[in-house]
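A.B. asks: Sharing a structure, written as structure tokens. Questions coming.
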Amino acid sequence: MEPGDSTKQARAAAQLRKGVLEYCVLALMRDRPRYGVELLQALEDSGALATSQGTVYPLLSRLRRDDLVTTTWQESASGPPRRYYALTDSGRAALDEFTRVWPGFRDAVDTFLSTPPPSTGDHA
């Protein structure tokens, strides 16, 4: 590995994460409400989507402002009350749209990454 390769890889991973994190968080709420630490743990368990509270909580606030999620407070048996986040109809529609678009987007990227570009002449 060349010097600086790990920095480049980390930068590429961060850019990819930034582009899909919102929809991954929405997907985690597809079947039931979740609280913040639970979302963080699920993202961390995925490996590639591990992130920090400083990223997830502002994202959750924005999703709430944009009416993609709603929140409720629930008592916890193991500590203070927890804020649970649940999809709204708008959030479910946004997730459905992303789910519809994602395969074509992913396939297009995979095509570029796995196939040499066609020759378009000498540009030297």
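Numbering (my numbering), first residue to last: 61 to 184.
Cβ atoms here follow ideal geometry from the backbone N, Cα and C, with glycine treated the same way.
By alpha-carbon positions, which one of Gly139, Leu109, Gly96 and Pro163 ends up nearest to Thr131?
C.D. replies: With distances taken between Cα atoms, Thr131 lies closest to Gly96.
A.B. asks: Just how far apart, CA to CA, sit Gln101 and Arg143?
C.D. replies: Taking the straight line joining both Cα atoms gives about 15 Å.
A.B. asks: Express the C-alpha separation of Arg92 and Arg124 in angstroms, rounding to a whole number.
C.D. replies: When rounded, the distance between both Cα atoms is 16 Å.
A.B. asks: If distances are taken between C-alpha atoms only, which option among Ser136, Gly151, Gln69 and Arg71 comes closest to Leu88?
C.D. replies: Here the closest residue by C-alpha is Gly151.
A.B. asks: Exposed or buried, what is Val169 when buried is set at 16 or more other beta-carbons lying within 10 Å of its beta-carbon?
C.D. replies: Flag for Val169 reads exposed.
A.B. asks: Output the boundary residues of the alpha helix (DSSP H) element that contains Ser150.
C.D. replies: First-last of the alpha helix (DSSP H) with Ser150: Asp149 to Ser174.
A.B. asks: Using three-state DSSP, classify Gly107 as helix, strand or coil.
C.D. replies: In the structure shown, Gly107 sits in coil (DSSP, three-state: anything other than H, G, I, E or B).
A.B. asks: For Arg90, tell me which candidate among Leu173, Trp133 and Leu128 has the shortest Cα-Cα distance.
C.D. replies: Residue Leu128 is the option with its Cα nearest to Arg90.
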